[in-house]
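All remarks here apply to the structure that follows.
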Amino acid sequence: MEGSSGVRKGTWSQIEDDLLKACVQLYGEGNWHLVPKRAGLNRCRKSCRLRWLNYLKPNIKRGDFSEDEIDMMIRLHKLLGNRWSLIAGRLPGRTSNDVKNYWNTYARRKLHSHKKDNNIEKQARAKTTVKPHEVIKPVPRALTKTSPRLQGKFINSSEVGVSHEEGATSISGSGNWWETFLDDKEDIEEGNNNKCFFGGEDGALDLWGEELNSIACDFLTQGETWSDFLLDLGLGD
DNA sequence: AACCTACCCAACCGCAGCTAG
DNA sequence: ACTAGCTGCGGTTGGGTAGGT
Numbered sequence: 001m002e003g004s005s006g007v008r009k010g011t012w013s014q015i016e017d018d019l020l021k022a023c024v025q026l027y028g029e030g031n032w033h034l035v036p037k038r039a040g041l042n043r044c045r046k047s048c049r050l051r052w053l054n055y056l057k058p059n060i061k062r063g064d065f066s067e068d069e070i071d072m073m074i075r076l077h078k079l080l081g082n083r084w085s086l087i088a089g090r091l092p093g094r095t096s097n098d099v100k101n102y103w104n105t106y107a108r109r110k111l112h113s114h115k116k117d118n119n120i121e122k123q124a125r126a127k128t129t130v131k132p133h134e135v136i137k138p139v140p141r142a143l144t145k146t147s148p149r150l151q152g153k154f155i156n157s158s159e160v161g162v163s164h165e166e167g168a169t170s171i172s173g174s175g176n177w178w179e180t181f182l183d184d185k186e187d188i189e190e191g192n193n194n195k196c197f198f199g200g201e202d203g204a205l206d207l208w209g210e211e212l213n214s215i216a217c218d219f220l221t222q223g224e225t226w227s228d229f230l231l232d233l234g235l236g237d
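If you're matching positions, the first sequence starts at 1 in the UniProt record's numbering and goes up one per residue.
Okay, structure coming up:
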């Protein structure tokens, strides 16, 4: 199976996998444009990268998603939208492709189950006008060598009400935000459904400081700070 | 057994952002 | 400032397969 450019496409063979593995182990990750040549593979750089990231990379977790992972995925998707790489970054061993595939299946299942009681919902919605919930989509950012963050100029935590005690990040006013996070009802009743956590309507980061704090608190991994979380999401500067 | 349908997952494609020249 | 090349991401497709009729 070869493309018009003579590059092989389709399923990877065991030999190709071995060649790619050996190449990455020898030269390290990156420089994907050199990988096909180095590995002696008749594959395009994208195909090599994808194969490595989604299948060959060590520590990749295969098999069913656990309940915890699903729970985390749902909440992160609610928070970030279709930012699969960011979501996968919070699920150790899972790839963005895994997450995306799972989510598409999950969404389809949801769709099917919703169709069943669609008529009931339509009747209910006819009585109340409901605005769709706005997915929070942080503006994509990338770090450059000249980024203030890489020069030690971190966000002032006082701006978002975060206190640091003995190296740990303590966030006030959190509470179990997830108990209501998946429930649009409250937002609608409060009239908040069109507001955005990050940046808000007027672009002020601290407008939703408390919500940010409680959300981030739940997604911080061990030893990670609030700044790390924002940096990870590309919201830090 | 044969066919159909839905599902799962690996892989491809196109685009946007970044960097170096 | 501009451009070309590279990388990474999200959307989409296609092949394999399990389950139902």
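The beta-carbon is built from N, C-alpha and C at its ideal position, and this holds for glycine as well.
Checklist line | Bounding residues of the alpha helix (DSSP H) (the contiguous stretch that carries LYS46) | finding: Unbroken alpha helix (DSSP H) run through LYS46: 45 to 51.
Note to self: Suppose you measure from the CA of ASN104 to the CA of CYS23; what does that come to, to the nearest Å?
What the structure shows: ASN104 and CYS23: Cα-Cα distance of roughly 33 Å.
Margin query: Per DSSP, what are the beta-bridge partners of ARG75 in this structure?
Written below: Note: ARG75 sits in no beta bridge, so no partner.
Margin query: Which runs of the alpha helix (DSSP H) at least 4 residues long sit entirely within the segment 75 to 108? Give them in chain order.
Written below: If we require 4 residues or more, the alpha helix (DSSP H) runs fully inside the segment 75 to 108 come out as 84 to 89.
Margin query: Quick check on the burial criterion: 16 or more other C-beta atoms within 10 angstroms. Buried or exposed for residue 241?
Written below: Residue coverage of the chain in this structure runs from 1 to 237, which leaves residue 241 outside it and unanswerable.
Check: Considering ILE15, what are the terminal residues of the alpha helix (DSSP H) in which it resides?
Finding: Start and end: 14 to 27.
Checklist line | Span of the alpha helix (DSSP H), counted from its first residue to its last, around PRO36 | finding: That run of the alpha helix (DSSP H) goes 35 to 39.
Notebook entry, point to check: For TRP12 versus ARG51, is the C-beta spacing smaller than 8 Å?
Noted result: Yes. Within cutoff.
Note to self: Give me, in chain order, the residues of the same chain whose beta-carbon lies closer than 8 Å to that of ARG125; leave out the 5 immediate sequence neighbours on both sides.
What the structure shows: In this prediction, ARG125 has a pLDDT of 45, which is less than 50 and means its spatial position is unreliable; what the coordinates show is noted afterwards. Nothing meets the Cβ criterion.
Check: Between THR95 and the rest of its own chain, which residues show a CB-CB distance below 7 Å, the 5 nearest in sequence each way excluded?
Finding: Same-chain partners within the cutoff: LEU53, ASN54, ILE60, ALA88.
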